[in-house]
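Per the UniProt record's numbering, residue 1 is the first one in the sequence shown, and the count goes up by one each step.
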Amino acid sequence: MFFLYLITDTATIPPTNFSKNIDKILKVYFNRKYSNKVVINVGLVLFVSEIVKIGKAFVHVGDGSTHINTKFRVVVFRPYSDETIEGEIIDCDPLKGVQISCKFFQDIYIPPKALKKGTKFDETESLWVWHFVPKDPEDVELDPIGGSKSDDDEDDEKNSENDENNQETHLLYMEIGRKIRFRVTSIKFKEDLSEEKLIKPIKEKNNTEQNKQNLSISIEKVENENENEKEQNSLIRDPYPKVPLMVFGSVKEDGLGLVEWWADPDEDELLDEGNQDNDENDEN
1 MFFLYLITDT ATIPPTNFSK NIDKILKVYF NRKYSNKVVI NVGLVLFVSE
51 IVKIGKAFVH VGDGSTHINT KFRVVVFRPY SDETIEGEII DCDPLKGVQI
101 SCKFFQDIYI PPKALKKGTK FDETESLWVW HFVPKDPEDV ELDPIGGSKS
151 DDDEDDEKNS ENDENNQETH LLYMEIGRKI RFRVTSIKFK EDLSEEKLIK
201 PIKEKNNTEQ NKQNLSISIE KVENENENEK EQNSLIRDPY PKVPLMVFGS
251 VKEDGLGLVE WWADPDEDEL LDEGNQDNDE NDEN
């Protein structure tokens, strides 16, 4: 999730800082430039770890500042694929799914398709809810032989399915502020879109004679318009914000989801007993 990355860049030091420690000045300079910024295809830079090499300083004509070529390492946040991370739920949306925060990074999403089977969005509470149907382990029979199943076995399976449908459904809400454990599925980098890069529809006047004379050109324009419309529709349908770095995850597997769902009740009892003993000792 965290790693060191080597960067080479030039720092501009004004004359007022010539008498100060050069290492500290360079760290402050590059921290202001790179801290909390996303380097495309690298990750989110947290802070400058160390200055590796300080090159020769040079001065431009008409400029009193010193320009120093510097190599330095930064600490970068970039989760790996299939890595398991814990975070905190900060938002639930019917289109975007569940948004998670790791305190210093908030563009983490669990899409609706990546939630557990049976999870639905409650419009009244504006929360995602897992409709959990527990399975009784006593009803599960093992077949040690592993042979073909008879008609009686098939009837038993149908009856067990009906029993599951009749079982009580537990509504497990994914509330804001709860701790959640998820598996990273993908990481997407996106450069900032300027006005020039935004897709704009092409509007042209209908001209029958010109279309007859330049048939091949008009066909190419129609194809380009169709491609632009598809790209525009994809941007409109995309519910996620335009940010340089987004992390997507999944909670489908066992052990993933809210941390409290998979908490061991015995451990909770031991913690409660320990807290009670501490309270009694404090009173004494």
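Glycine included, C-beta positions come from ideal geometry on N, C-alpha and C.
Taking DSSP as the reference, what is the three-state secondary structure of isoleucine 145? The predicted position of isoleucine 145 is uncertain, since its pLDDT is 36 and thus under 50; no value can be drawn from it.
Whose C-beta lies closer than 7 Å to the C-beta of glycine 249 among residues of the same chain, with five residues either side of it excluded? Ile108, Ile110, Ala114, Phe182, Arg183, Val184 and Thr185
Residues near cysteine 92 by beta carbon distance below 8 Å, same chain, minus five either side: Val98, Gln99, Phe121, Ser126, Leu127, Trp128, Met174 and Ile176
Measuring alpha carbon to alpha carbon, tell me which of Thr169, Lys188, Leu95 and Val251 ends up nearest proline 239. Leu95
Hey, would you say arginine 78 sits closer than 9 Å to phenylalanine 3, going by beta carbons? yes
Supposed contact pair valine 42 and tyrosine 5 - C-beta distance, whole angstroms, cut 8 Å: 6 Å
Tell me which same chain residues have a C-beta within less than 6 Å of the C-beta of proline 15, skipping the five on either side of it? Gly64
Does DSSP classify leucine 26 as helix, strand or coil? helix
DSSP state of residue 320 mapped onto helix, strand, coil: The question about residue 320 has no answer here: the residues shown for the chain are numbered 1 through 284.
How many angstroms separate the CA atom of lysine 135 from the CA atom of aspartate 254? 14 Å
Measuring CB to CB, does lysine 71 end up less than 9 Å from glycine 55? yes
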